[in-house]
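Undergrad:
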Amino acid sequence: MQDFDIVVVGGGHNGLVAANYLADAGYQVAVCESNPAVGGMTATSTAIDAAPQHLINSFSVDAFFWDSFPASADLNLDQYGLRRNEIDPGHLYLHPEGGSIGFWCDPTRTADDIRRFSPADARAYLEFAEMLGCFSDIMLRLARTNPVRPDPSAIGYAARRALSRRRQVSDLLHLPISSVSEIIAERFSHQVVRDALHASSGSTVPNDMSGTGVAFLWLATMHRFTCKRPVGGVQAIPDALARRLQAKQGTVVTNSPVAEIVVNGRRAAGLRLVDGTRIGARKAVVASCDPRTALGTLVPSQVLPAQTISAVENIPVTNLNYGQAKVDLALNGTVTMKRHQDWRRDDLDVRRPSHMIGTEAGMRRLFAKSAAGLLPNAEELSLWPVIPTALDPTQAPPGQDTVYLYCAVVPYAPDGGWDSAKDKFAETVLDAAALYYGGLRDLEIGRQVLTNDDIAKRTHACGGNVAHVDMVLSRSGPLRPARGLGGYTTPVEGLYLGSSGSHPGGGITGGPGYLAARKVIKDLRPRRLVRRPPWSNLF
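Dropping the structure here:
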């Protein structure tokens with residue numbers, strides 16, 4: 036048995052971020068990953084057998100929150116091979132009739148696009164973007180601190196930032212508890228503009244639901260940083276993290292599925308792998324797998340209090356029964372976007388940004404049908420497509436494309452099950468995409484179709500949930516993933532949670548890994564008397 040100071044379960048980007056911070060703190064660290072390569076849901080591979088030279092981003096493709104969190108600056112991954120291509124606008128809304136709205140880093144350029152449809156909405160957007168900027172400043176500062184015991188400086192900053200926009204305080208307080216639909220309806224009137232904001236809100240639960248307004252945080256991020264997409268696919272981020280960790284004398288072990296987190300005397304003492312190998316942890320274990328797997332499967336149930344077992348069993352992972360699915364295509368040529376390119380009449384290459392497709396009316400029907408287990412029609416789909424090779428030709432042979440078609444909302448469990456529905460669904464997705472992309476069917480070499488079921492099998496995440504835990508208000512901040520587990524610690528001494536199932540949540544941020552590592556480092560310091568906030572026990 037080999038011993039380390041700290042062992043990390045899972046080689047996704049959060050686990051690797053945590054490992055790097057722990058190695059920088061002087062600890063001997065090992066990361067155990069079940070798959071043949073690190074990456075988890077930030078993986079790129081040759082996933083289509085008929086196209087072995089086409090790189091496919093099976094889960095994530097854009098890391099638009101990465102620069103908003105400390106790991107991006109702290110870990111200097113460019114020194115370990117990470118290269119990124121900039122694209123502005125990072126996202127481009129495509130309307131079915133040929134129009135488009137770019138979400139540029141400079142909000143005035145977005146307003147200029149909106150002005151083609153409505154001068155009044157352009158003015159409203161600039162006011163909205165200013166308010167979102169303040170909201171983003173506050174939320175991102177709070178997202179970088181432990182939600183159970185936040186840094187006083189974070190609380191102070193949030194208060195000062197809110198007071199600096201006294202006239203907007205009401206809007207700032209209203210935004211995170213409001214629905215996407217009411218926020219849009221209060222400010223914008225032109226249907227194309229409304230369609231664009233509905234499609235770009237990022238909601239995977241109904242836009243009419245209270246609390247979905249916080250999804251506009253990503254829009255504020257678009258105006259904070261220029262979008263940068265990793266060269267070679269999103270896998271470049273975990274690969275650079277792994278190289279950095281190894282340069283710091285850390286260890287990365289792949290093809291090593293974990294069977295059990297070993298607990299001795301109510302303290303996490305290491306791992307037992309599926310093949311029987313034991314890996315000792317002298318000081319701590321960090322679980323960057325989803326929390327239901329960590330505490331509900333890997334930890335022996337007899338060591339957890341009944342209250343914790345119940346809380347873990349009730350961690351929501353089915354996204355209120357709205358699923359996600361995607362279709363990846365490998366093409367023997369390049370797709371065209373003639374209608375949308377001709378409409379713009381400027382020098383923007385519309386193939387290069389990430390795209391958003393959907394309408395307000397179509398999405399309303401999409402949510403209703405998906406909730407009932409019914410497959411949507413082509414015109415109802417909400418798609419977030421990308422042509423990765425348009426910005427990074429290294430991901431396919433010369434003159435050939437890959438196309439990433441992410442379906443933000445589908446039935447979680449369609450009538451009859453996904454086995455019988457998957458092929459029909461894929462054809463519906465291609466029917467929808469064909470309105471925007473010329474040549475998809477004629478150029479297709481092969482495809483990959485993934486549903487929540489497939490994502491669960493590939494990544495071992497419960498429910499195939501890409502955020503590990505539903506991104507809803509009741510699972511935010513100190514309540515993520517569950518009451519009593521919001522501060523990265525668990526009832527097992529020395530066992531910490533550090534995946535996107537913890538605060539601040541999903542997306543490629545490195546935030547949960549960073550905060551989990553900070554908590555471990557703090558706990559391993561020499562003990563001293565610390566006065567705990569009186570409200571900390573509430574969580």
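Residues in the sequence shown are numbered from 36 upward in steps of one, following my numbering. Even glycine gets a Cβ: it sits at the ideal position worked out from N, Cα and C. Since this is a predicted model, take the numbers as computed values, not measurements.
What is the DSSP secondary structure of Ala98, reduced to helix, strand or coil?
TA: The residue you call residue 98 lines up with position 63 of the sequence shown. Of the three classes helix, strand and coil, the one that applies to Ala98 here is coil, per DSSP.
Undergrad: Could you compute how far the alpha carbon of Asp488 sits from the alpha carbon of Pro516?
TA: Reading the sequence shown from its first residue, position 453 is the one you call residue 488. Reading the sequence shown from its first residue, position 481 is the one you call residue 516. Approximately 21 Å between the Cα atoms of the pair.
Undergrad: Is the beta carbon of Leu57 less than 8 Å from the beta carbon of Ile556?
TA: Your numbering for residue 57 matches position 22 in the sequence shown. Your numbering for residue 556 matches position 521 in the sequence shown. It is a contact, given that the beta carbons lie within the stated cut-off.
Undergrad: So for Tyr472, helix, strand or coil by DSSP?
TA: Counting from 1 along the sequence shown, the entry for residue 472 is found at position 437. Coil, per DSSP.
Undergrad: Could you tell me which whole alpha helix (DSSP H) segments of length 4 or greater appear in the stretch 47-114?
TA: Correct list: 48-59, 105-109.
Undergrad: Apart from the five residues on each side of it in sequence, which residues of its chain come closer than 6 Å, Cβ to Cβ, to Leu530?
TA: Taking the first residue of the sequence shown as 1, we reach residue 530 at position 495. So the qualifying residues of the chain are Ala303, Val320.
Undergrad: Are any of the Cβ atoms in chain B nearer than 8 Å to that of Asn120?
TA: Of the protein chains in the structure, only one exists, and it is not chain B.
Undergrad: Give the C-beta separation of Gly50 and Val66 to the nearest angstrom, bearing in mind that I take them to be a contact with Cβ-Cβ under 8 Å.
TA: Taking the sequence shown and counting its residues from 1, one reaches residue 50 at position 15. Taking the sequence shown and counting its residues from 1, one reaches residue 66 at position 31. The Cβ separation is near 6 Å, so the contact holds.
Undergrad: Taking 8 Å as the cut-off, decide whether the C-beta atoms of Val504 and Gly548 are in contact.
TA: Here residue 504 is taken as the residue at index 469 of the sequence shown, counted from 1. Here residue 548 is taken as the residue at index 513 of the sequence shown, counted from 1. Cβ distance not < 8 Å, so Val504 and Gly548 don't count as in contact.
Undergrad: Tell me, which residues are paired with Pro265 by DSSP?
TA: If you number the sequence shown from 1, residue 265 lands on position 230. DSSP lists Arg119 as partners of Pro265.
Undergrad: Check whether the Cβ atoms of Leu550 and Arg279 sit closer than 8 Å, and answer yes or no.
TA: Walking along the sequence shown from the start, residue 550 turns up at place 515. Walking along the sequence shown from the start, residue 279 turns up at place 244. Going by C-beta atoms, Leu550 is not nearer than 8 Å to Arg279.
Undergrad: Near Phe223, what residues of its chain come up, given a Cβ to Cβ distance below 7 Å and the 5 sequence neighbours on each side ignored?
TA: Position 188 of the sequence shown, counting from 1, holds the residue named residue 223. Excluding sequence neighbours, Phe223 sits near Asp156, Ala159, Arg229, Leu232.
Undergrad: Could you give the distance in angstroms between the alpha-carbon of Glu121 and the alpha-carbon of Trp139?
TA: Translated into positions along the sequence shown, residue 121 becomes position 86. Translated into positions along the sequence shown, residue 139 becomes position 104. The straight-line gap from Cα to Cα measures roughly 12 Å.
Undergrad: Between Leu383, Leu401, Val421, Val297, which lies nearest to Ile91 when the distance is taken from Cα to Cα?
TA: Position 56 of the sequence shown, counted from the start, is the residue given in the question as residue 91. Closest option to Ile91, Cα to Cα, is Val421.
Undergrad: Using CA coordinates, which residue listed in Leu532, Pro561, Pro513, Ala425 is at the minimum distance from Pro185?
TA: Here residue 185 corresponds to residue number 150 of the sequence shown, with the count starting at 1. Out of Leu532, Pro561, Pro513, Ala425, Pro513 has the C-alpha closest to the C-alpha of Pro185.
Undergrad: Considering just the uninterrupted stretch of the beta strand (DSSP E) at Lys492, what are its terminal residues?
TA: By one-based count along the sequence shown, residue 492 stands at place 457. From DSSP, Lys492 is part of no beta strand (DSSP E) but of the alpha helix (DSSP H) over 487-494.
Undergrad: Who pairs with Met391 in a beta bridge, going by DSSP?
TA: Here residue 391 is taken as the residue at index 356 of the sequence shown, counted from 1. Met391 pairs with Tyr128.
Undergrad: Short check: CB of Ala85 to CB of Ile480, under 8 Å?
TA: Here the question's residue 85 lines up with position 50 in the sequence shown. Here the question's residue 480 lines up with position 445 in the sequence shown. Going by C-beta atoms, Ala85 is nearer than 8 Å to Ile480.
Undergrad: Would you decide whether Val249 is buried or exposed? Buried here means 16 or more other CB atoms lie within 10 Å of its CB.
TA: Residue mapping note: residue 249 aligns to position 214 of the sequence shown, counting from 1. Val249 should be labelled buried.
Undergrad: Count the other CB atoms, across all protein chains shown, that sit within 10 Å of the CB of Val464; report buried if there are 16 or more and exposed otherwise.
TA: Sequence index remark: in the sequence shown, residue 464 carries index 429 (1-based). Under this definition Val464 is a buried residue.
Undergrad: Opposite Ala360 in the DSSP bridges: which residues?
TA: Walking along the sequence shown from the start, residue 360 turns up at place 325. Paired residues: Cys442.
Undergrad: Report yes or no: do the stretch 407-427 and the stretch 381-396 share at least 3 C-beta pairs separated by less than 8 Å?
TA: Touching, per the Cβ criterion.
Undergrad: Looking at C-alpha atoms only, which residue of Arg327, Val44, Ala54 is the closest neighbour of Gly545?
TA: By 1-based counting over the sequence shown, the position of residue 545 is 510. Per the Cα distances, Ala54.
Undergrad: Give me the DSSP bridge partner(s) of Trp419.
TA: Along the sequence shown, one-based indexing puts residue 419 at 384. Note: Trp419 sits in a beta bridge opposite Tyr441.
Undergrad: Within 10 angstroms of its Cβ, does Arg301 collect 16 or more other Cβ (buried), or is it exposed?
TA: Here residue 301 is taken as the residue at index 266 of the sequence shown, counted from 1. Arg301 comes out exposed.
Undergrad: Tell me where the alpha helix (DSSP H) around Thr524 begins and ends.
TA: Position 489 of the sequence shown, counted from the first residue, corresponds to residue 524. Note, Thr524: premise wrong, no alpha helix (DSSP H); not H, not E.
Undergrad: Going along the chain, which residues of its own chain have a beta-carbon closer than 7 Å to the beta-carbon of Ala496, five neighbours each way excluded?
TA: The residue you call residue 496 lines up with position 461 of the sequence shown. Asp325, Ile490, His503.
Undergrad: Give me the Cα-Cα distance between Pro433 and Asp97, rounded to the nearest whole angstrom.
TA: Within the sequence shown, numbered from 1, the residue matching residue 433 stands at position 398. Within the sequence shown, numbered from 1, the residue matching residue 97 stands at position 62. Computed Cα separation, rounded: 22 Å.
Undergrad: Decide yes or no for the touch test of the stretch 410-417 against the stretch 357-365: beta carbon pairs closer than 8 Å, at least 3 of them.
TA: No, the stretch 410-417 is not in contact with the stretch 357-365.
Undergrad: Could you say which of Ala234, Ala282, Glu217, Tyr447 lies nearest to Thr353 if we only look at CA atoms?
TA: Taking the sequence shown and counting its residues from 1, the one referred to as residue 353 is at position 318. Of Ala234, Ala282, Glu217, Tyr447, the residue nearest in Cα terms is Tyr447.
Undergrad: Let's test the definition: count the other Cβ atoms within 10 Å of the Cβ of Asn290 and tell me whether it reaches 16, buried, or not, exposed.
TA: Numbered from its first residue, the sequence shown carries residue 290 at position 255. By the 10 Å Cβ count, Asn290 comes out exposed.
Undergrad: Would you be able to state if there are at least three C-beta pairs under 8 Å between the stretch 135-150 and the stretch 257-272?
TA: Cβ pair count under 8 Å is three or more, so yes.
Undergrad: If we call anything under 8 Å between Cβ atoms a contact, is Ala194 one with Thr180?
TA: Start at 1 with the first residue of the sequence shown, and residue 194 comes out as number 159. Start at 1 with the first residue of the sequence shown, and residue 180 comes out as number 145. It is not a contact, given that the beta carbons lie outside the stated cut-off.
Undergrad: Classify Ala467 as buried or exposed, calling it buried when 16 or more other Cβ atoms lie within 10 Å of its own Cβ.
TA: Within the sequence shown, residue 467 is the residue found at index 432, counting from 1. Answer is buried; the Cβ neighbour count reaches 16.
Undergrad: Just to confirm, are Trp378 and Gly125 a CB contact at a threshold of 8 Å?
TA: Mapped onto the sequence shown, residue 378 falls at position 343. Mapped onto the sequence shown, residue 125 falls at position 90. Going by C-beta atoms, Trp378 is not nearer than 8 Å to Gly125.
Undergrad: Helix, strand or coil for Tyr549 per DSSP?
TA: Stepping through the sequence shown from its first residue, residue 549 is reached at position 514. Looking at Tyr549 - three-state DSSP - the assignment turns out to be helix.
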